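Residue numbers (the numbering used here), protein chains in the order written: chain A, 2 to 453; chain B, 2 to 453.
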């Protein structure tokens, strides 16, 4: 096989139409009202896999189904490559901050705007179309290909791990390739050397039996909102380090080579300010922004709700308060250990007159790459050819919890080959994917397969 | 005139029907979707005033209208008594915690349950019916009577003060009588010696331009929810005193007589625990629960909203966060000064990388009674006759901001004669009013007028 440098315009036009159709399906896995839509998106993937020449089916799970496609034409002796992606998306809230509706994809200024454009429908789509070009008309490849697209990545991949465990032999692969991350920058391709893990909790405070009048009772009873704020204020110290005892015990220090490679990369400071709209950066003292993003753990409050939050003034003392709290973890931190430490911390700072509860919602282990071997080299080579620039090694602050499972359960090397760009607004309003990466991404994958 | 000891059952049955009709109108002044209903409640009061023999009309304001009734039959030389109440109610949220719907009044265990049953429709109703008995069939009184019921008490009486200012002569009165508070306890009538004032704010934090992915950006940008929690945690010190510099400067110490009178009252500790469902009481160190309720100021967080607060896990760094913060004030604290102090405090504790804003939503000055004179004596006497027990002097932790205005603008003595009971759940789900106080309240008012 030889690598092309561009795709026919008629194909690109069709890809755009098909991708938009995929993005229009509101497959929000976290919310029960979108359950049918999530399934529809899974079925859409199955149809696209079948059109690409794979044997495809929707596999039921206890939650949202898995779209599975297999092409075994390379024969039982040939190696197998597993392509992983997900067809579910984050909730689109707050809706009012979207310039165009989240499930009405549109192209503006060279970007495709839609929920899921980058995370991960748009990137999964690249694989579907690359395989369609390679296998769709009876073509062949030197490797067997399995495509696995789940519908629960945004809610913790709850049912994927049991599926991997029970299908170890069927899914056995030498390598897993995943496009669900960003390149280091526009025009600067990259391969990932790490992912952070995640531990996500809901903290609940109950102070009184019911909301109370702040005049009639104010000055005598505990206030759930006040207690919650105080607990949250103990999560960091004045150096913005996580102030939970033992939290850093599991953090493995990175080798000097990786830290030097990070220091040699162009500064992300200005682009971070531009992408986020922050007036200033902040974070753990003693580390650069890229280090804080890639190789240091964090603690964030993702949401708080208590009392009266609508229009106007209501003079209540809130009975209850809730916060969503999550941690990004780095090797070798363990989400279960973090849960134990958080519980101990909350117990210690809870005043005797209120009740608190910590509920685990979601978790994933951190991951560190093996940046070597033929699959890694093929990916590196393909990125250089498609983007005309040497790829760099980069970290990723986000989490793909299933990555560690792929390595453990299938014994596969994982290659993280992302095509979104920094500032893609994944998990935020106005999520986007660069329109020209539709072509460049497919070309990269075609080149990748051609060098295997 | 002589005082009766009970009312005919047929009248009580009719009063119950009429009160329920009044309570069924969802006159939530804070919410624009209830604007028409709020007006309907005002018109209902006008009809009731006309039925009671007063000249009545709905007076337009820039907001919800004022229901005004006048009876000038005592002649221009006779003194005038002004009856004040309000026909608007607090929002009923959280709806799911009501045993029966807030606008479907029902009697259970001797209590009328409905939003507004105690605050203040139920108590205003007592005055309407007492006047109907006295004036309805061409009866007369030795004093002229003006009834003023507003529809904006729960949103700060914004348009009432300008109305009082522009109608000083028409509304001139020797005394203002208000039933919008609670008695000290069941079977223990009381007259109020104080009201706390109120200063209510919304604190807004903006950290970034949009919600951000906590993996992609976590560790580099400020988190609005975290910053808000930290700011809120600075509002109190470890003695539960308000930790805003200068906050206590305006607090006038109470005389030893009042403090001794408070100490001699039965303890509220057990009843507070029972009413509120709290596991323990808390509040400013060095003061008893009744002192903390009546003669000490407070700071409460009434609501917090930031980031993702629905079902499941969403890994965002919130761009914005909001808290409703209010203070109960005591003489001689000034809400405007408290606003200035809060702004200075928030500015001081706001980190440079975020923006904060303090918006004033609602305020009212604290008040201290003159517990003497013929109107006070008449009320004292009437309570003793109707309830068979000597009334006590009590404080009130809540606020009726217009009280200070009545004194200043009309030169009137204000008498606060409440008939609700502690634990009435005003501003909370399952608000109630004792059913037998429908009769006892009207009997008290009939006795009050008979001794003028």
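The C-beta atom is built at its ideal place from N, Cα and C for all residues, glycine as well. On a predicted model such as this, the values are computed, not experimentally measured, just so you know.
For residue 435 of chain B, DSSP records a beta bridge to B/112. Close partners of residue 184 of chain B in chain A (Cβ separation under 9 Å) are lacking, with about 13 Å as the shortest Cβ gap. By the rule that beta-carbons nearer than 7 Å mark a contact, residue 263 of chain B does not touch chain A. For the options A/165, A/338, A/248, A/356, the alpha carbon positioned closest to that of residue 412 of chain A is the one of A/165. For chain A, the residues of the region 336 to 355 of chain B that bring a beta carbon within less than 9 Å of one of its beta carbons are 352, 353, 354, 355, in chain order.
Between residue 154 of chain B and residue 94 of chain B, the C-beta spacing is not below 7 Å. Interface with chain B (7 Å Cβ-Cβ cutoff): residue 418 of chain A is excluded.
Chain B has no Cβ within less than 7 Å of the Cβ of residue 254 of chain A.
For residue 67 of chain A, the enclosing beta strand (DSSP E) has its first and last residue at 67 to 72.
Excluding residues up to 5 positions away in sequence, 106, 123, 433, 434, 436 lie with their Cβ nearer than 7 Å to the Cβ of residue 113 of chain A in the same chain. Taking 7 Å as the cut-off, the beta carbon of residue 50 of chain B is found no closer than this to the beta carbon of residue 176 of chain B.
The C-beta of residue 334 of chain B has 16 or more other C-beta atoms within 10 Å across all chains shown, which makes the residue buried. Contact annotation, residue 231 of chain B with residue 234 of chain A: C-beta distance approximately 5 Å; criterion of less than 8 Å satisfied.
Here the alpha carbons of residue 186 of chain A and residue 28 of chain A stand approximately 28 Å from one another. For residue 314 of chain B, the nearest beta carbon of chain A is closer than 7 Å to its own beta carbon. Straight-line spacing of the CA atoms in residue 300 of chain A and residue 218 of chain B works out to 12 Å. Nearest CB-CB separation between residue 172 of chain A and chain B: not below the 7 Å threshold.
Residue 196 of chain B carries a strand assignment under DSSP once its states are collapsed to helix, strand and coil.
Our two residues, residue 246 of chain A and residue 182 of chain B, have alpha carbons roughly 49 Å apart in a direct line.
With a threshold of 7 Å between beta carbons, residue 317 of chain A makes contact with chain B. Cβ contact annotation for residue 438 of chain B (same chain, cutoff 6 Å, sequence separation greater than five): 420, in chain order. By the Cβ neighbour-count rule, residue 284 of chain A is buried, with 16 or more other Cβ atoms within 10 Å of its own. Among the CB atoms of chain B, none fall inside 7 Å of the CB of residue 251 of chain A.
Residue 363 of chain A: member of the beta strand (DSSP E) spanning 356 to 365, first to last residue. Relative to the Cα of residue 197 of chain B, the nearest Cα in the group B/220, B/395, B/384 belongs to B/395. Under the Cβ distance rule, residue 305 of chain B counts among the residues neighbouring chain A, one pair being separated by less than 7 Å.
When B/85, B/210, B/266, B/361 are compared, the shortest CA-CA separation from residue 405 of chain B is found for B/85.
Using a Cβ-Cβ cut-off of 7 Å, residue 453 of chain A does not count as an interface residue toward chain B, since no Cβ of chain B sits closer than that to its own.
Secondary structure remark: continuous alpha helix (DSSP H) runs of at least 4 residues inside the region 113 to 191 of chain B, in chain order: 122 to 136, 161 to 167, 169 to 172. DSSP places residue 310 of chain B outside any alpha helix (DSSP H), giving it a letter other than H or E. Here residue 376 of chain B is buried: its Cβ has 16 or more other Cβ atoms, across all protein chains shown, within 10 Å.
If one requires a minimum length of 3 residues, the beta strand (DSSP E) runs lying completely within the region 20 to 100 of chain A are 56 to 60, 67 to 72, 81 to 87, in chain order. Shortest Cα-Cα distance from residue 408 of chain B to any of B/178, B/291, B/351 involves B/178. Proximity of residue 234 of chain B to chain A, defined by a Cβ-Cβ separation below 7 Å, is satisfied. Cα atoms of residue 43 of chain B and residue 103 of chain A: separation of roughly 44 Å, rounded to the nearest angstrom. Residue environment analysis places residue 167 of chain B among the exposed positions, since fewer than 16 neighbouring C-beta atoms fall within 10 angstroms of its C-beta.
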